[in-house]
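> Reading the sequence shown from the start, the letters are residues 68 to 558 in the working numbering.
Don't be surprised by glycine CBs; every beta carbon is placed ideally from N, CA and C.
This structure is in structure tokens; I'll ask about it shortly.
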Amino acid sequence: MAKGITKRSEDYAAWYNDIVKKADLAENSPVRGCMIIKPYGFAIWEKMQAAIDKMFKDTGHSNVYFPLFIPKSFMSKEAAHVEGFAKECAVVTHYRLKNADDGSGVIVDPEAKLEEELIIRPTSETVIWSTYKKWIQSYRDLPLLLNQWANVVRWEMRTRLFLRTTEFLWQEGHTAHATKKEAEEETLKMLDVYATFAEKFMAMPVLKGVKTETERFAGAVDTYCIEALMQDGKALQSGTSHFLGQNFARAFDVQFATKEENLDYVWGTSWGTSTRLMGALVMAHSDDNGLVLPPKLAPIQVVIVPIYKKPEELADIRKVAEQMKSQLQDKDISVKFDDRDTYKPGWKFAEYELKGVPVRLAVGPRDLENGTVEIARRDTLEKSVISIEGVISHVQNLLTEIQENIYRKAFNFRETNTIQVDSYDEFKAILAERGGFVLAHWDGTKETEEKIKSETMATIRLIPLHPENEKGRCIYSGKPSDCRVVFAKAY
């Protein structure tokens with residue numbers, strides 16, 4: 068089955084698309100730029116969603132849902148916000164169709180024009196802060212810690228499955244606080260939640276930092292992010308957390324009575340991550356044989372494939388397989404026993420390898436005689452034979468080892484491809500030859516940032532949260548610099 072996958076070394080973009088489609092994660096929809104997430108892909112997303120949602124609730128947040136439609140007038144209230152999203156907004160202008168008089172089909176009824184156009188949400192700050200004005204009156208109403216799981220629409224010109232689509236799934240947290248200190252702490256707390264999820268569940272090492280003013284979320288005071296390095300040497304922003312200050316509270320006049328009986332504007336945050344994480348998962352770990360999934364996010368962690376020629380052989384194998392399956396499920400391990408007679412074992416092996424199932428067990432008549440089972444691990448493609456009696460504990464340990472090995476491999480790749488440079492020529496050469504994270508001095512100006520981007524296609528991915536006090540000179544302008552920032556080409 069992997070024969071149809073373009074080699075990663077030959078065409079990384081084609082390799083990525085092949086895996087997404089052949090592993091049954093997603094496909095293009097009839098609507099340009101939108102995707103259909105298939106059952107196997109959605110099962111992975113559900114595992115991501117469940118893990119992140121638990122982390123949100125463990126940190127005191129509650130889920131909520133706000134409308135898909137936002138009155139156009141709301142988008143005008145926060146100047147930076149509307150400027151940032153204006154070019155990406157889809158607008159609803161009418162509410163009814165009718166049959167054309169000439170019988171050619173349906174047309175928009177010109178008599179059904181909305182009094183005020185509606186924006187299909189690109190993000191929900193405006194509609195949420197307009198509601199907070201009703202919900203928040205006093206310090207007793209704070210903090211307000213909310214999150215919603217939803218879909219959003221941003222009208223993208225160039226799209227790629229999971230990485231950049233016109234419509235995508237995400238979560239967006241929106242919190243309100245009585246003090247600046249609380250809001251800033253919340254912003255960094257949620258950044259840590261994202262980093263922990265990426266590293267502990269996705270087995271994907273990330274860097275944490277703050278965005279430059281140019282890369283900041285529209286309407287935020289500061290934007291913090293996690294950045295991961297993909298196998299082609301490009302960076303992928305995998306989650307953002309925004310300190311909004313009092314910007315949206317002022318725009319929507321959200322004031323509260325303080326303990327000192329004064330009126331003050333509420334302090335806000337917002338933070339989000341999306342189905343882009345699915346793209347990150349594919350690009351961070353997969354190989355030329357297909358998907359490689361960390362066990363914690365694999366819909367099927369173990370598959371058992373019977374090898375037999377006669378029906379009575381299958382009956383004997385089934386007894387042992389079902390017992391193994393039950394024992395593994397008792398350990399909270401997801402297991403599939405694939406006894407389909409429409410496909411041969413070799414085809415099944417290739418299918419589960421393509422789909423990234425972490426552990427495969429194969430059992431045949433000879434295995435039953437010997438009291439053994441063949442076990443294959445997806446991350447290294449290594450095979451071994453173990454006793455049936457020891458298979459449960461072995462699989463438990465193996466899943467942990469695979470999770471750690473996938474992370475370790477990605478971490479080592481990032482370390483190997485993180486390079487310090489001190490000259491612009493060296494900077495350009497590294498980006499042209501290998502990519503990766505490039506640590507270099509920058510003079511802090513928008514002008515230099517834009518010139519570097521236009522000449523090399525590299526952007527400042529982040530300024531480290533705790534930069535080393537290493538004074539130097541900007542690689543482009545030669546002006547003084549207090550610390551190195553992280554540059555990379557990015558998705």
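Let's test the definition: count the other Cβ atoms within 10 Å of the Cβ of M524 and tell me whether it reaches 16, buried, or not, exposed.
exposed
> Output needed for M122: all residues of its chain with C-beta closer than 6 Å, excluding positions within five of it in sequence on either side, in chain order.
Correct list, in chain order: V260.
> Going straight from the alpha carbon of T340 to that of E251, what length do you get?
About 19 Å.
> Find out if the Cβ-Cβ distance for the pair K114, D91 is shorter than 7 Å.
no
> Can you say whether D320 is buried or exposed, counting buried as having 16 or more other CB atoms within 10 angstroms of its CB?
exposed
> Whose C-beta lies closer than 8 Å to the C-beta of V402 among residues of the same chain, with five residues either side of it excluded?
I367, Q368, V369, V370, I371, M391, K392, L395 and Q396
> Apart from the five residues on each side of it in sequence, which residues of its chain come closer than 6 Å, Cβ to Cβ, to P27?
The question about residue 27 has no answer here: the residues shown for the chain are numbered 68 through 558.
> Compute the Euclidean distance between the alpha carbons of W414 and G335, then round it to the nearest angstrom.
53 Å
> Do L566 and H244 have their C-beta atoms within less than 7 Å of each other?
Only positions 68 to 558 of the chain appear in the structure, and residue 566 is not among them; the question remains open.
> For Y83, which three-state DSSP category applies?
helix
> Give the C-beta separation of I384 and L435 to the nearest angstrom, bearing in mind that I take them to be a contact with Cβ-Cβ under 8 Å.
7 Å
> Whose C-beta lies closer than 6 Å to the C-beta of K157 among residues of the same chain, with five residues either side of it excluded?
Per the sequence shown, the amino acid found at residue 157 is Ala instead of Lys. Once the five neighbours on either side are set aside, the close Cβ partners of A157 are I187, V220 and W222.
> Among the residues of its own chain, which have a CB less than 6 Å from the CB of P531, if the five just before and after it don't count?
G276
> Nearest by alpha-carbon distance to E253: which of K89, G286, Y410 and F310 is it?
By alpha-carbon distance to E253, the top candidate from K89, G286, Y410 and F310 is F310.
> With a floor of 3 residues, list each beta strand (DSSP E) that falls wholly inside the stretch 460-507, ordered by position along the chain.
485-487
> From the DSSP output, in three-state form, read off L344 for me.
helix
> On the three-state DSSP scale, how would you describe E517?
In the three-state reduction of the DSSP assignment, E517 falls in the helix class.
> Determine the DSSP secondary structure at N166, reduced to helix, strand or coil.
strand
> For the stretch 353-440, list the beta strand (DSSP E) runs that are entirely contained and at least 3 residues long, ordered along the chain.
369-373, 402-404 and 426-430
> Between which residues of its own chain and V552 is the CB-CB distance below 6 Å, once the five residues before and five after are set aside?
W509, I527 and I530
> A250 lies in the alpha helix (DSSP H); which residues open and close that run?
K247 to K267
> Quick test of your reading: E266 and S337, contact by CB under 8 Å. State the CB separation rounded to the nearest angstrom.
Not a contact, Cβ separation roughly 23 Å.
> Going along the chain, which residues of its own chain have a beta-carbon closer than 6 Å to the beta-carbon of E282, five neighbours each way excluded?
Apart from sequence neighbours up to five positions away, no residue of its chain approaches E282 with a beta-carbon distance below 6 Å.
> Would you mind sorting A146 into buried or exposed? The rule is 16 or more other CB atoms within 10 Å of its CB.
exposed
> Beta-carbon within less than 6 Å of H148's beta-carbon, same chain only, minus the 5 sequence neighbours each way: which residues are those?
A285 and G286
> What residue range does the alpha helix (DSSP H) around Y332 cover?
Careful: Y332 lies outside any alpha helix (DSSP H), inside the beta strand (DSSP E) at L330 to Y332.
> Taking the continuous alpha helix (DSSP H) assigned at P106, which residues delimit it?
P106 to D125
> How about the stretch 313-329 and the stretch 226-237: do they share at least three Cβ pairs that are nearer than 8 Å?
no
> Determine the direct distance from the alpha carbon of F133 to that of T160, and round the result to whole angstroms.
20 Å
> Give every residue of the same chain whose Cβ lies closer than 7 Å to the Cβ of S490, excluding the five residues on either side of it in the sequence, and list them in chain order.
I542
> With burial defined as no fewer than 16 other Cβ atoms inside 10 Å of the residue's Cβ, what is the status of Y584: buried or exposed?
Residue 584 cannot be examined here, being either before or after the span of the chain that is shown, 68 to 558.
> Which residue comes first and which comes last in the alpha helix (DSSP H) that contains S140?
Where S140 is concerned, the enclosing alpha helix (DSSP H) stretches over K139 to M142.
> Going along the chain, which residues of its own chain have a beta-carbon closer than 7 Å to the beta-carbon of G100, five neighbours each way excluded?
E223, T226, T232 and T233
> The alpha helix (DSSP H) spanning K200 covers which residue range?
Where K200 is concerned, the enclosing alpha helix (DSSP H) starts and stops at E192 to W202.
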